[in-house]
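Residue numbers (UniProt numbering): 1 to 122.
Inspection log for the structure reproduced underneath, given as structure tokens.
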């Protein structure tokens with residue numbers, strides 16, 4: 001898997017055509033939308049979705065570590081808070097790039113569907 005890409009499961013419907021899947025079922029609506037949206041817009045939507053998931057995970061990790069006092073490699077020094085915030089930021093980026101928790105997949109789908117509707121009405 002490449003960094004920054006979203007793993008979207010696919011369901012093969014024939015040897016020449018594959019369809020995106022959602023919750024184990026073919027998502028023909030997304031497959032149709034992807035045909036209308038340019039590859040550049042798809043790449044931008046992937047990056048936006050992954051960045052959004054990283055931001056969401058950073059918020060979650062920050063909340064998880066907010067009550068920790070005096071633990072970790074730096075103990076209870078003035079730099080501990082800064083170090084911990086940078087660590088949670090890197091954790092969140094790595095989690096999101098490795099596939100995350102599924103938020104990016106849904107955000108990506110929503111962005112593609114909105115762009116396809118805009119193209120259809122324009």
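Just so you know, even glycine gets a beta-carbon here, dropped at the ideal spot from N, CA and C.
Name the DSSP bridge partner or partners of residue i?
| i | result |
| --- | --- |
| residue 21 | 26 |
Work out the CA separation of residue j and residue i for me, nearest whole Å.
| i | j | result |
| --- | --- | --- |
| residue 99 | residue 33 | 22 angstroms |
| residue 29 | residue 117 | 11 angstroms |
| residue 67 | residue 104 | 28 angstroms |
| residue 24 | residue 83 | 41 angstroms |
| residue 114 | residue 78 | 46 angstroms |
| residue 39 | residue 53 | 21 angstroms |
With residue i and residue j assumed to form a contact (beta carbons below 8 angstroms), what rounded beta-carbon distance in angstroms separates them?
| i | j | result |
| --- | --- | --- |
| residue 49 | residue 101 | Not confirmed; about 12 angstroms, so no contact. |
| residue 112 | residue 45 | 6 angstroms |
Please determine, among the options, the residue with the shortest C-alpha to C-alpha distance to residue i.
| i | options | result |
| --- | --- | --- |
| residue 63 | 35, 20, 36 and 88 | 88 |
| residue 85 | 114, 110, 55 and 21 | 55 |
| residue 51 | 41, 40 and 97 | 97 |
Cβ contact (3+ pairs, closer than 8 angstroms) linking the segment 83–93 and the segment 48–64: yes
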